[in-house]
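Novice:
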Amino acid sequence: MNFLLRLHPPRALLVLLTIIALPFCRATTIIPPTFSELVAKAETVVLGEVTAIASELQTRGSERAIFTRVTFAIRDPVLGVAPALLTLEFLGGTVRELTMDVDGMPAFAIGRSEILFVQNNGLQICPLVGMAHGRYRVERDPITGVDSVRRDNGAALTNVAQVSLPLTRGTLTNTLQRLGGTVPLTPAAFIAEIRAEHARQQTAVSR
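Whatever position you read off the sequence shown (first residue = 1), add 731 for the numbering used here.
#1: Considering Cα atoms alone, identify which of VAL936, THR889 and LEU896 is closest to GLU924.
#2: Any idea which residues DSSP pairs GLU845 with across the strands?
#3: Return the first residue and the last residue of the alpha helix (DSSP H) that SER879 is part of.
#4: Could you tell me how far apart the beta carbons of VAL777 and VAL809 are, in whole angstroms, since I believe they sit closer than 8 Å?
#5: Taking the alpha carbon of LYS772 as the reference point, which residue from GLY861, GLY885, SER879 and VAL877 has its own alpha carbon closest?
#6: Which of the three DSSP states, helix, strand or coil, is assigned to PHE839?
#7: Which residue's Cα is closest to the Cα of LEU822: ALA840, SER786 and VAL812?
#8: From the DSSP output, read off the bridge partner residues of ILE784.
#9: For PHE839 and VAL801, which I take to be in contact (beta-carbon distance under 8 Å), what is that distance rounded to the nearest angstrom?
#10: Return the first residue and the last residue of the alpha helix (DSSP H) that GLU924 is part of.
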């Protein structure tokens, strides 16, 4: 996944804001982590509900860009230590008529529940392991009322092995998703897998 940046300001500000945002536009490639890597690299894993989203145009040293802070009310600190309200900072967002988009950056909505693999909050452009690979949406079936886990691209997570699949849409991705099963994991089942993998890793380290 390539890191791209697009700016959509008023025409008069286009040149100025493109120049000041260039330091944030270094190309990078995100390699999808395995489930084991996802768990191992996370400083904390949380299940939380989005309660606030705020974007701000900031100057940091000689660099200027939009940053968005997303606050989550933590319902379950799955791994590690997390405050009752956790605020994560992401590069990009919208401030009045100016929008800064970062390709591959997850987008959130107030009231939605998320399972997040948090890493280096405030120190990198996205505080999640593997950017969008570290974000799992919790969605409720309107008919059954059952919650299920979905990846950033909306694909149902039916097996933790699917964590390492590319976050794309299309026939190949849909086929690969089906190879892992047809029943989406519930948040409780996914959290149980996360804790079990963490326990395995801790046991391996202590040997």
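Ideal Cβ placement from N, Cα and C applies to all residues, glycine included.
Specialist: According to the structure shown:
#1: THR889
#2: GLY779 and ARG868
#3: Per DSSP, SER879 belongs to no alpha helix (DSSP H); it is in the beta strand (DSSP E), 878-881.
#4: 6 Å
#5: GLY861
#6: coil
#7: SER786
#8: VAL801
#9: 5 Å
#10: 918-937
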